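This report concerns only the one structure given below.
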Amino acid sequence: MLGNGGGRDRDLPGAGLGAPGRGAGRGVHTAYGPADEGETPGRAGSGVLHAQPGIVRSHVAAFLNYVRVERGLAANSVAAYRRDLEKFARFCEERRLGLERVGRQQVADFLGRLYQQGLDSRSVARALVAVRNFFRFLRQEEILKHDPTEHVESPRTWKRLPKFLSMEEVERLLAAAPDRTPRGLRDQAMLEVLYATGVRVSELVNLKVSDVQLEAGYLRCLGKGNKERVVPLGRKAASALEAYLRNGRPRLGKRGGSAHLFLSQRGRGMTRQNFWRLLAARARAAGIRARLTPHVLRHSFATHLLERGADLRAVQLLLGHADISTTQIYTHVAQERLREIYRTHHPRA
Numbered sequence: 001m002l003g004n005g006g007g008r009d010r011d012l013p014g015a016g017l018g019a020p021g022r023g024a025g026r027g028v029h030t031a032y033g034p035a036d037e038g039e040t041p042g043r044a045g046s047g048v049l050h051a052q053p054g055i056v057r058s059h060v061a062a063f064l065n066y067v068r069v070e071r072g073l074a075a076n077s078v079a080a081y082r083r084d085l086e087k088f089a090r091f092c093e094e095r096r097l098g099l100e101r102v103g104r105q106q107v108a109d110f111l112g113r114l115y116q117q118g119l120d121s122r123s124v125a126r127a128l129v130a131v132r133n134f135f136r137f138l139r140q141e142e143i144l145k146h147d148p149t150e151h152v153e154s155p156r157t158w159k160r161l162p163k164f165l166s167m168e169e170v171e172r173l174l175a176a177a178p179d180r181t182p183r184g185l186r187d188q189a190m191l192e193v194l195y196a197t198g199v200r201v202s203e204l205v206n207l208k209v210s211d212v213q214l215e216a217g218y219l220r221c222l223g224k225g226n227k228e229r230v231v232p233l234g235r236k237a238a239s240a241l242e243a244y245l246r247n248g249r250p251r252l253g254k255r256g257g258s259a260h261l262f263l264s265q266r267g268r269g270m271t272r273q274n275f276w277r278l279l280a281a282r283a284r285a286a287g288i289r290a291r292l293t294p295h296v297l298r299h300s301f302a303t304h305l306l307e308r309g310a311d312l313r314a315v316q317l318l319l320g321h322a323d324i325s326t327t328q329i330y331t332h333v334a335q336e337r338l339r340e341i342y343r344t345h346h347p348r349a
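Numbering (this note's numbering), first residue to last: 1 to 349.
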């Protein structure tokens, strides 16, 4: 998440890139694959016209290939980079800007255009991170000698406290109209697992049967950057999973041979969109009026652990956060909750 006043790069998709291999830009290929076929990316001092149509995009393609292959970023993070850098490439093309002519002012102009298009500070800050990491890549690859983003400050953004459900609301959600059909068993298992483990929805739908160890009481998931972690299962989640594996999944899997743990009615792996729909339906059945997303359950998982005395470092590991500063926002949530309890119940509050 972005903090106040600084918009910390490391909290956005794929930030904190390590130094890539040297030597790209010395021929038709960069170290991470070709640019556009038949084009040679310009190198600092090479005399190639960076303003030539397609050159900026060829460098963007090489960078995206780098973060996907070398850094192992998740598909969603790569897609976010692509969207922001396509806007930047279009900005350069419209102004006939070669990359060697992009300075601090041009970067500021690009950010200004995003504001004019109606983007909020958080979205603009994310775009700056994409452009900044792009230029770092070009500089480290010796394609450019300068980094025009070096002294550009990230837009100020408010640190938004994550929304979460109370423990009573979670109980209502998990108890709302469960049934013993294969679909009902699957839905119950997915909700129980999500709240019990705090996994991301993408991690949830990508679980394989082989990732579950019911007897040991844990599951293995693949997080951002293809980082694997092991998370414990609570007894209720394990019980719901066992019922689904015994009486639900075999009937859903008759139409296909998918290795995914959670299957749709067609026997294919569940998608994020499938889960959003079932979560919305369950929220309505539970009488929860607030907009409920999978991430709200993840936030609830972390907040409830901290409220009950869990160690911040342990919560970081369970959530799969690379940086503990990302986890620290939940301590603010817990403090706000304590203040609310104090104001409500103390006679002289």
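Built from N, CA and C at the ideal position, the CB exists for glycine as well. The structure displayed is predicted, hence computed values, not measured ones.
CA-to-CA distance, residue j to residue i, given in whole angstroms
i	j	result
T344	S166	16 Å
E171	L292	14 Å
I369	A237	As shown, the chain starts at 1 and ends at 349. That puts residue 369 outside it, with no answer to give.
G118	S58	28 Å
A285	Q213	31 Å
I288	F164	12 Å
S77	L128	14 Å
E168	Q116	43 Å
T331	L317	15 Å
K254	R266	9 Å
D179	A314	34 Å
Q106	I55	18 Å
D323	P162	17 Å
D36	G103	In this prediction, D36 scores a pLDDT of 37, lower than 50, which makes its location untrustworthy; the coordinate-derived value is nonetheless stated afterwards. Cα-Cα distance, rounded: 25 Å.
L252	S264	7 Å
F110	F275	37 Å
G6	F88	In this prediction, G6 has a pLDDT of 37, which is less than 50 and means its spatial position is unreliable; what the coordinates show is noted afterwards. Rounded to whole angstroms, G6 to F88 spans 22 Å at the Cα level.
L174	A74	30 Å
D120	P155	10 Å
A176	A281	10 Å
A283	A290	9 Å
Close beta carbons around residue i, own chain, < 7 Å, minus the five adjacent residues each side
i	result
L319	G198, A302 and T327
E340	none
Y218	V230, V231, P232 and L233
R82	L64
E203	C221, L222 and G223
R272	V201, S202 and V205
H151	R104
Own chain, CB closer than 6 Å to residue i, minus 5 neighbours either side, in chain order
i	result
R26	Here the model assigns R26 a pLDDT of 33, short of 50, so the residue's position is not dependable and the matter cannot be decided.
R200	none
G72	G225 and N226
A243	L185
C92	V56
M270	V205, F262 and S264
Reference residue i; option with closest CA among the options
i	options	result
V230	L207, R246 and S239	L207
C221	L64, H260 and L312	H260
D187	R95, R277 and V78	R277
R101	G269, H304, T149 and D179	T149
R95	A79, A80, R249 and R113	R113
D258	R268, L252 and A176	The sequence given here places Ser at residue 258; Asp does not occur at that position. Answer by Cα proximity: R268.
S123	R139, L85 and T181	L85
A125	M270, L204, A80 and A62	A80
R235	A189, P250, R249 and G248	A189
A216	F262, A108 and S239	S239
E228	H321, G98, R348 and L99	H321
L99	V69, R139 and R68	R139
According to DSSP, residues forming a beta bridge with residue i
i	result
Q105	DSSP lists no partner for Q105.
L219	V212 and V231
H260	K208
G269	L263
Other residues of its chain near residue i: CB distance less than 8 Å, five sequence neighbours each side excluded
i	result
N247	R180, P182 and L185
Problem - Cβ contact (3+ pairs, closer than 8 Å) linking the region 296 to 305 and the region 184 to 200 - result: yes
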